[in-house]
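For reference, the structure discussed in these notes is given below.
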Amino acid sequence: MDKNNWIYACKATDMPHNGGVCVQYGTEQIALYYFTHRNEWYATQNLCPHKKQMALSRGMLGSQQGEPKVACPFHKKTFSLKNGQCLNDEACSAIKTYPVKVHEGNIFINVASILTPHSSTPIAYEPQ
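Here UniProt numbering is used: position 58 in the sequence shown is 58, and no number is missing along the way.
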């Protein structure tokens, strides 16, 4: 994968445990999550497709039958952090996901998927 597609998001120590932050890339808002008790990182679009609000980075993280998920804080629609599928409403649109990697305590997001959506793979965080 082209190394130019990876953007710096933040330091791992700047992330809230079991929470998310919003990362701005051009006109795109990307929600970045650190799922602490799973020791995994995920990134999705920040826009909730239900009511078109930039809110997913403030959502609650959890699991549904082992699937890591985020729930929109306003509408309670839940989305898989692995593939973006809506988990609780067949009429709800899926969300974009982005690959995430941790390198020397820094978090990077692959933005190539802004143009071509694909699933993210969780990256285990190793404290330094």
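Each residue gets a CB set at the ideal place from its N, CA and C atoms; glycine is no exception.
Bear in mind the structure is a predicted one, so any value in this text is a computation, not a measurement.
- Rounded to the nearest whole angstrom, the C-alpha separation of G84 and A12 is 23 Å.
- H103: member of the beta strand (DSSP E) spanning V100 to H103, first to last residue.
- Here the alpha carbon of I107 sits roughly 11 Å from the alpha carbon of V23.
- Under the rule that a run must span 3 or more residues, the beta strand (DSSP E) segments found entirely inside the stretch 25-69 read 28-35, 40-45 and 60-64.
- When the alpha-carbon of H50 is set against those of A71, I109 and E40, the nearest one is in A71.
- In the three-state scheme derived from DSSP, where H, G and I count as helix and E and B as strand, A94 is classed as coil.
- When DSSP states are grouped into helix, strand and coil, N88 belongs to the coil group.
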